[in-house]
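*Asks:*
In my numbering, the protein residues as written are 110 to 473.
#1: Are there three or more Cβ pairs, one per stretch, closer than 8 Å when the segment 361-372 is compared with the segment 423-432?
#2: With the cut-off set at 8 Å, would you say residue 141 and residue 128 are in Cβ contact?
#3: Leaving out the 5 sequence neighbours to the left and right, which residues in its chain are closer than 8 Å to residue 259 when beta-carbon positions are compared?
#4: Output the residue ranges of the alpha helix (DSSP H) runs that lie fully inside the segment 190-227 and measure 4 residues or longer, sorted by chain position.
#5: Can the beta-carbon of residue 465 be found closer than 8 Å to that of residue 403?
#6: So for residue 138, helix, strand or coil by DSSP?
#7: Run through DSSP, which three-state label would residue 296 get?
#8: So the beta strand (DSSP E) residue 355 belongs to, where does it begin and stop?
#9: Tell whether a beta-carbon distance below 8 Å holds between residue 373 and residue 321.
#10: Is residue 111 helix, strand or coil by DSSP?
#11: Evaluate the contact criterion for the segment 266-282 versus the segment 232-247: three or more CB pairs, one atom per stretch, below 8 Å.
#12: Runs of 3 residues minimum, wholly inside the segment 436-468: which ones carry the beta strand (DSSP E) assignment?
#13: For residue 327, which three-state DSSP category applies?
#14: Does the beta-carbon of residue 298 have 16 or more other beta-carbons within 10 angstroms, so that it is buried, or is it exposed?
#15: Tell me whether residue 184 sits in a helix, a strand or coil according to DSSP, three-state version.
#16: Between residue 288 and residue 437, what straight-line distance do the alpha-carbon atoms span, to the nearest angstrom?
#17: So, is residue 125 buried or exposed, given that buried needs 16 or more other C-beta atoms within 10 angstroms?
#18: Are the Cβ atoms of residue 439 and residue 394 separated by less than 8 Å?
#19: So, is residue 110 buried or exposed, given that buried needs 16 or more other C-beta atoms within 10 angstroms?
#20: What I want to know is whether the C-beta of residue 384 ends up closer than 7 Å to one or more non-hydrogen atoms of the ligand MG.
#21: In the DSSP assignment, find the alpha helix (DSSP H) that holds residue 248 and state where it starts and stops.
#22: Rounded to whole angstroms, what's the CA-CA distance from residue 377 to residue 352? Just pull it up for me.
#23: Excluding the 5 residues preceding and the 5 following residue 191 in the sequence, name in chain order all residues of the same chain whose CB lies nearer than 8 Å to its CB.
#24: Quick one: what's residue 157 bridged to in DSSP?
#25: Hey, quick one: how far does the beta strand (DSSP E) through residue 367 stretch, first residue to last?
#26: If distances are taken between C-alpha atoms only, which option among 334, 217, 330, 338 comes closest to residue 356?
#27: Going by DSSP, what residue range makes up the beta strand (DSSP E) through residue 321?
#28: Taking only three categories from DSSP, how would you classify residue 178?
#29: Report the option in 196, 215, 210 whose CA atom is closest to the CA atom of residue 202.
#30: Count the C-beta pairs between the segment 196-210 and the segment 165-178 that are closer than 8 Å, then say yes if the count reaches three, no if not.
#31: I'd like to confirm the pairing. Which residues does DSSP put opposite residue 273 in its beta bridges?
#32: Assign residue 446 to buried or exposed, taking buried as 16 or more other Cβ atoms, counted over all protein chains shown, within 10 Å of its Cβ.
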């Protein structure tokens, strides 16, 4: 018998009825089982159910209600394997004894009479013909002959596309760096503007501590800062005359402080913070000049308070060989605290007290 798939069974009489569809009476194609244990071709049972109304979709054998979506399941592999072993003959090329399960491979790979496309169809060759004519066609196919050129062009095109992609990525990276640098420029511009504004603020008062030594006849030591010196109440502070500091503490921050012709400087006792306060009035501090004594890279935390509440705080790094001006520009405070911490001990100094040395304070 002839099958719609292009083959006939070699021995149709040998096919057991249990392997034939109960609708078309042909060997199963995609054998499908129902919940009522009947088996059909998948296409046959679907067509049967679709031609009936929704209320009458039932098994053609026992009238059991069926649903295409829920009730149709593939038959067991035993049935499929048995049918796939039946031998068939190809109606196109007349090749015989092909296992039915291998017929699709025969058509797609070896059947000489099956129509196939030119292997150059991917580059638009329109030829379609029997497989046995393919080799003769390829010998003359103009599309196949230009394939090496097209492949070279495609390779070059792929390379150029990669170059373009790389350049686009570089452009994106450059734009990102440009945006980041532009942000930095904007921040620096703001900083410069602030520095210019600070520079234009007039210093109305400077305390440089030189007048402290006028109150003492002997200047061979350091002394506590008088409690009401310069109108402030001082805590944990001492002043160092230059005569004593240069001789007693060479190669330290005291020597650095006195290189600027300062006659006197102040510092904190031990490792405690030095504070100055005015209990009656608030004041505005612009800047101060400072260094550190016996350690390098000391962290100095400066705090400004009003009525016991911290209003401002900032941290600087002091170097013992640098005397540097630090800007604050703080308004309306009544207490100022300088707290040194950390730092690396100078190898030539045994004194471990952590001193911040102040040479002047500038007020607005």
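Beta carbons: idealized from backbone N, C-alpha and C, even for Gly.
*Replies:* For this structure:
#1: Yes, the segment 361-372 is in contact with the segment 423-432.
#2: Position 32 of the chain shown holds residue 141. Position 19 of the chain shown holds residue 128. Cβ atoms of residue 141 and residue 128: not closer than 8 Å.
#3: The residue given as residue 259 occupies position 150 in the chain shown. In the same chain as residue 259, and ignoring 5 residues on each side of it, the C-beta atoms closer than 8 Å to its own belong to 232, in chain order.
#4: none
#5: Position 356 of the chain shown, counting from 1, holds the residue named residue 465. Position 294 of the chain shown, counting from 1, holds the residue named residue 403. No, they are not a contact pair.
#6: In the chain shown, residue 138 corresponds to position 29, counting from 1. Looking at residue 138 - three-state DSSP - the assignment turns out to be coil, as it is neither helix nor strand.
#7: Residue 296 sits at position 187 when you count from the first residue of the chain shown. Residue state, collapsed to three classes: helix.
#8: Residue mapping note: residue 355 aligns to position 246 of the chain shown, counting from 1. No beta strand (DSSP E) holds residue 355; the alpha helix (DSSP H) holding it covers 351-357.
#9: Position 264 of the chain shown, counted from the first residue, corresponds to residue 373. Position 212 of the chain shown, counted from the first residue, corresponds to residue 321. Taking C-beta atoms as the reference points, residue 373 and residue 321 count as a pair closer than 8 Å.
#10: Position 2 of the chain shown, counted from the first residue, corresponds to residue 111. Low confidence applies to residue 111: its pLDDT is 42, below 50, so where it sits in the model is not reliable enough to give any reading.
#11: No contact exists between the segment 266-282 and the segment 232-247.
#12: 444-450
#13: Taking the first residue of the chain shown as position 1, residue 327 is located at position 218. DSSP places residue 327 in coil when its eight states are reduced to three.
#14: Within the chain shown, residue 298 is the residue found at index 189, counting from 1. Per the 10 Å Cβ criterion, exposed.
#15: Taking the chain shown and counting its residues from 1, the one referred to as residue 184 is at position 75. Coil at residue 184, not helix or strand.
#16: Here residue 288 refers to the residue found at position 179 of the chain shown. Here residue 437 refers to the residue found at position 328 of the chain shown. Approximately 31 Å, taken between the alpha carbons.
#17: Residue 125 sits at position 16 when you count from the first residue of the chain shown. Result: exposed.
#18: If you number the chain shown from 1, residue 439 lands on position 330. If you number the chain shown from 1, residue 394 lands on position 285. Residue 439 is a Cβ neighbour of residue 394, given a cutoff of 8 Å.
#19: Here residue 110 is taken as the residue at index 1 of the chain shown, counted from 1. A caution first: residue 110 carries a pLDDT of 38, below 50, which makes its placement in the model unreliable, though a value can still be read off. It counts as exposed.
#20: Although the ligand MG was asked about, the structure shown includes no ligands whatsoever.
#21: Against the chain shown, residue 248 aligns to sequence position 139. The continuous alpha helix (DSSP H) containing residue 248 extends over residues 243-249.
#22: Your numbering for residue 377 matches position 268 in the chain shown. Your numbering for residue 352 matches position 243 in the chain shown. So the two alpha carbons sit approximately 19 Å from each other.
#23: Working through the chain shown from its first residue, we reach residue 191 at position 82. 128.
#24: Here residue 157 refers to the residue found at position 48 of the chain shown. Residue 157 is not bridged to any residue.
#25: For this step, residue 367 is matched to residue 258 along the chain shown. Unbroken run through residue 367 is the alpha helix (DSSP H), 362-367; no beta strand (DSSP E).
#26: Along the chain shown, read from residue 1 onward, the residue named residue 356 stands at position 247. That would be 330, whose Cα lies nearest to the Cα of residue 356.
#27: Position 212 of the chain shown, counting from 1, holds the residue named residue 321. First-last for residue 321: undefined, no H or E at that position.
#28: Translated into the one-based positions of the chain shown, residue 178 becomes position 69. The answer is helix: DSSP assigns residue 178 an H, G or I state.
#29: Taking the chain shown and counting its residues from 1, one reaches residue 202 at position 93. Ranking 196, 215, 210 by Cα distance to residue 202 puts 215 first.
#30: no
#31: Reading the chain shown from its first residue, position 164 is the one you call residue 273. Its beta-bridge partners do not exist; DSSP assigns none.
#32: In the chain shown, counting from the first residue as 1, residue 446 sits at position 337. The residue is buried, with at least 16 neighbouring Cβ atoms inside 10 Å.
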